[in-house]
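Protein chains in written order, with the numbering used here: chain A, 117 to 480; chain B, -9 to 293. Where a beta carbon is used, it is the ideal one built from N, C-alpha and C, also for glycine. Heads up: the structure comes next, in C-alpha cells.
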Amino acid sequence: MRLIAIIDKELKQLIRDPKTIVMVLLMPIFLTILFGYGYSGRSKFPVAILNEDRGGCGYELVRKLINSEDFDVEYYVRTFDEGVELVKEGDVYATLVIPSDFTECLLVGKSTYVQVIYDASSPTVAQSIMQLVGVIVLKYQEWASSRFGTFSIKPTFYSVYGPTVTRIENFMPPLMGTLLQLVPTSLISVSICRERERGTFEQFIMTPVSHFEVILGKFVAYFVATISDAVLTIATAAILFNVQFRGSLLAILLLSSIFLASSLALGLLLSVLSKNQLQAYQASIFVFVPAMLFSGMFVPVRLLSNVAEVIAYAMPIYYYIDAYKAVAMKGLPLSVVTSDVVVIVAFTAAFFLASMRMLKLRVE
Amino acid sequence: MFAVEARGLTKRFGEFTAVDHIDLLVESGRIFGLLGPNGAGKTTTIRMITGLLKPTEGYVRVYGMDVLKNRRSVLRMIGYMPQRSSLYDDLTVEENLYLYTMLYDFSRQEAKRRTEELLKEFFLDKFRDRLVGNLSGGMKRRLALAITLVHDPKLLILDEPTVGVDPPLRRQFWERFRQLVSKGKTILVTTHYMDEAENCDEIALISHGRMIASGTPEAIKRRAFGGELIEVLLDREPPCDPPEFAKIISVNGRKVRLLVDDYGGRSAQLMDFLRERGFKILEMRPVRVSLEDAFIRLMGERS
Ligand SMILES: Nc1ncnc2c1ncn2[C@@H]1O[C@H](COP(=O)(O)OP(=O)(O)OP(=O)(O)O)[C@@H](O)[C@H]1O
Ligand SMILES: [Mg+2]
C-alpha cells in the first residue's frame, strides 16, 4: 500500500538522521533535567501579592517580602479573585493581600491587617506559610511602630483548596508543553521543503501519490518517532525527580498525543508554506516563542494583557497545559477536559486540512 | 495518436520567457531528442510535459490525455528521470527501488519480485545494501533509470540521462534505449552530446526557449545547409562557372565542394557536366556534415 510505503520510508529516513536522535531521545531527557533542577533548586515558597494600598507603607511591606529568605514573589495580581485563582491552580502557595487603607491606618496609629489566601490542601506547607508570614508582619510592625506609634497588624487567613501538588511537579506542565510543541513542529517543518531542496520531490510526485497520502504518511511517521518525547519526559521526571502523577498514565499519554498531533500538523503546514528548510526552521521558532511566552508557562494567562491573552487562546498549547494540570496533577478524568481536547483536535484538523490544501504536487 | 503532443507551450518566470510557444509532436515508438545549449529551456519544457510545471500558455497531451486534467492516468504511462539526481541518498539501492515499486501500487510480493528483477537487470545486485549517497555517479544513473522503468511505462522522459556517465556506460544506455523502443516504448530524451543526438529518430533543437529546427538528423543537416555537400577531386584546377544546379562552397586547389539539393540525383548530372568540360574526376563523394556543424549554422542564422 502506498501509504504504508511512505510511512516506512519516512521512518527509515528519520532513524538514519542523527538530528532525530538528538531531538527525540536526548532533548526530553536534557530538558527534564534542566527544568527539574531549575525548580527544585528553589527552596522558597512562590507567592503572589495583591497590593491595594493607596499609600507607600504597603510597598515597604512588599519589599520585606521580596527580600525575605522564604518567599519568592512570582506574581502581582490586580483583584482578589485572581489571587484566589492562582492558589487554586497551584501556581503559588499563597497570595498576600494588603488592604487599601493600610498606609492610612498606620499613619493614624490604627490597627490594621494583612490577609493571606493560602492553600489549605497541604497542611504542613500551610502551617509554615502562616508562621513565616506572621514573622515578617511582626517584624514590620515593630519597625513601623517605632515610627508611627503603637498599633498592631494582624495577619488574617483565607483558606483555599489548591491542587495538592508538591513544588517539583509544577515544572511538568510547562516542560511537557514546551517539548511537545518544539520538537515535533521543528522536526517535521523541514520535511517537505527538504525534499524539494534535495530534488527528491521531483521523482516522488511523479508517482500516483495523493495530497492526502503525502501529508498523512509524513504525519504518521513523525508521530511514531516523536511520541517517545512524551514517554521519555514522563519517565525521566518520575525516575530522577520522583514526580507523582495523580491521573492515569494512559490518560496523560492520550492527552499528550493529541497535543503532539496538533504540533505535527502545524509543522506540516509550515513545511508546505515554506520555500526552503531555513525558512521552515525560522517559521517554527517564530511560532514557538509566543507559544512558550503566552501559554501560561511563565505567567498565568489570566494575568496577561488583553492582546497577549487573545494570542494565548489562539494556541493549542494553552489548552494542553490547562488539560494537563487537570488530568495529571489533579487526577481528574479526561471527560472533565473535553472542551480543551475538542479545541486541540479542531486546531489539528484545521492545520491538517490546510496543509493538504496548500501542498502543491509540482515543482514551481 | 502521438505519444506527446504539445502545442504553443510557453513558460514565463516573471518577465523572463523560458519557453516560447514550442510545438512538439512525438510519435509513438521513437527516440525523440531535445537538444539545445545550457539554459535553452529543455528542462522547463520537459517539466511541462510531465505536468510538474503548469504552462503559462499552451497544453500537453500524452497519448491523447491532458497531463494536468488526467494527471493520475498520465502518471502511470510516464517514466521520468529528472536532470538532477532525485534518489533518496539516505536509503539503500534496494530500498529506493522497493519504495518506488510500492508507490506504483504493486502488492508487497510483486514489489519484491519487481525490485529483484530490476536489481539484476541493471547489475545493481551487488550494491543493493549500499546507501545511495555512497554510490558512484554512474551507478546512481543506472539506479535512476531502473526506477523510471518500475511500472513499465509506455513513455520514458529522460532529462540528460547520460550526464556524468562514462562512454562505455553511455553506450550501454543507448543500446538499452533502442531495445526499449523496439519493444514499443517511446523515449523523449534531452542531451548535450551530438553523437547521442545522431542516434535519435527525430530531434528538435531549441535555443532561448524557441524551436529552431526539428526533424530527422539527416533532414536537419540538409536544412542547415540548404542541401547536401559533394566533394570532387579533379585532375586540374577548375574554372569558376558551376552548373546552375550546384553552388560552389569552397575551392581548395583541385578539391572543390559543391552544394546540391540532393546528392543521389545530382551526382550523375554533375559528372556529366564536368566530363563535358574535359575534366577527369579522380574522386567524388558526399560530405558528411556533422549535426554539430548544422546546429552551429542554424543557431548562427538566428542570431
Ligand atoms: N523556477 C525558475 N525561475 C526562474 N527562472 C527559471 C526557473 N527555472 C528555469 N529558469 C530559467 O529558465 C531558463 C531555462 O532553464 P532550463 O533549466 O529549462 O534550461 P535547460 O535547457 O534545461 O538548461 P541545461 O542544459 O543547463 O539543463 C534558464 O535561463 C533558467 O535560468
Ligand atoms: Mg536542463
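Nearest to residue i by CA position, among the options, is which residue?
i	options	result
glutamate 273 of chain B	B:Leu224, B:Lys32, B:Asp149, B:Glu(-5)	B:Leu224
valine 155 of chain B	B:Asp191, B:Gly290, B:Glu266, B:Leu133	B:Leu133
valine 163 of chain A	A:Val138, A:Val203, A:Gly171, A:Asp197	A:Val203
aspartate 207 of chain A	A:Pro289, A:Gly152, A:Leu248	A:Pro289
tyrosine 277 of chain A	A:Arg312, A:Trp259, A:Ile233	A:Ile233
glutamate 401 of chain A	A:Gly383, A:Trp259, A:Pro449, A:Val388	The sequence given here has isoleucine at residue 401 of chain A, not glutamate. Answer by Cα proximity: A:Gly383.
threonine 301 of chain A	A:Gly172, A:Val330, A:Ile343	A:Ile343
histidine 198 of chain B	B:Thr35, B:Pro72, B:Thr181	B:Thr35
glycine 315 of chain A	B:Val52, B:Met71, B:Gly23, B:Gly4	B:Met71
serine 411 of chain A	A:Pro239, A:Tyr435, A:Gln398, A:Lys391	A:Tyr435
serine 172 of chain B	B:Glu(-5), B:Ser18, B:Phe6, B:Glu5	B:Ser18
leucine 376 of chain A	A:Leu296, A:Leu366, A:Asn422	A:Leu296
leucine 394 of chain A	A:Ile214, A:Arg312, A:Ala407	A:Arg312
threonine 228 of chain A	A:Val241, A:Leu254, A:Ile331, A:Pro239	A:Leu254
aspartate 142 of chain B	B:Pro151, B:Asp149, B:Ala101, B:Lys59	B:Ala101
histidine 327 of chain A	A:Val405, A:Met472, A:Phe264, A:Tyr191	A:Met472
aspartate 251 of chain B	B:Gly41, B:Arg278, B:Met38, B:Lys237	B:Lys237
phenylalanine 146 of chain A	A:Met292, A:Ile331, A:Phe468, A:Phe161	A:Met292
Got a sec: is the Cβ-Cβ distance from residue i to anything in chain A below 8 Å?
i	result
arginine 66 of chain B	yes
aspartate 156 of chain B	no
tyrosine 49 of chain B	no
tyrosine 53 of chain B	no
leucine 148 of chain B	no
isoleucine 137 of chain B	yes
serine 204 of chain B	no
arginine 37 of chain B	yes
threonine 40 of chain B	yes
Would residue i and residue j be called neighbours here (beta carbons separated by less than 8 Å)?
i	j	result
glycine 205 of chain B	glutamate 186 of chain B	no
leucine 420 of chain A	alanine 428 of chain A	yes
leucine 93 of chain B	alanine 346 of chain A	no
methionine 67 of chain B	leucine 145 of chain B	yes
glycine 442 of chain A	valine 306 of chain A	Glycine is not the amino acid found at residue 442 of chain A; the sequence shown has alanine there. No, the pair does not count as a contact, with Cβ atoms beyond the cut-off.
leucine 181 of chain A	isoleucine 269 of chain A	no
tyrosine 90 of chain B	valine 57 of chain B	no
leucine 108 of chain B	alanine 136 of chain B	yes
Under 7 Å Cβ-Cβ, which residues of chain A neighbour residue i?
i	result
proline 72 of chain B	Gly315, Glu318, Gln319
serine 280 of chain B	In chain order: nothing, as chain A lies at least about 33 Å away.
serine 75 of chain B	Gly315
In three-state DSSP terms, what is residue i?
i	result
valine 330 of chain A	helix
valine 459 of chain A	helix
threonine 152 of chain B	coil
methionine 71 of chain B	strand
glutamate 258 of chain A	helix
threonine 136 of chain A	helix
glutamate 5 of chain B	coil
serine 97 of chain B	coil
alanine 203 of chain B	strand
lysine 237 of chain B	strand
arginine 247 of chain B	strand
leucine 127 of chain A	helix
glycine 23 of chain B	strand
arginine 478 of chain A	coil
lysine 270 of chain B	coil
alanine 351 of chain A	helix
isoleucine 147 of chain B	strand
methionine 55 of chain B	strand
Using the beta-carbon of each residue, which ones in chain B are nearer than 8 Å to residue i?
i	result
lysine 125 of chain A	Tyr78, Leu81, Glu85, Leu89
Please confirm whether residue i has its beta-carbon closer than 8 Å to some beta-carbon of chain B.
i	result
valine 330 of chain A	no
arginine 132 of chain A	yes
Below 9 Å on C-beta distance, what does residue i contact in chain A?
i	result
arginine 62 of chain B	Pro324, Ser326
So with CB distances below 8 Å, who are the chain A contacts of residue i?
i	result
lysine 44 of chain B	Arg478, Glu480
Residues of chain B with CB under 7 Å from residue i, in chain order?
i	result
lysine 128 of chain A	Leu81, Glu85
arginine 118 of chain A	Met92, Leu93, Asp95
alanine 121 of chain A	Leu89, Met92, Leu93
Is residue i near ligand 4 - that is, is its Cβ less than 7 Å away from at least one heavy atom of it?
i	result
threonine 35 of chain B	Questions concerning ligand 4 fall outside what the structure shown contains, since the ligands it does hold are ligand 1 and ligand 2.
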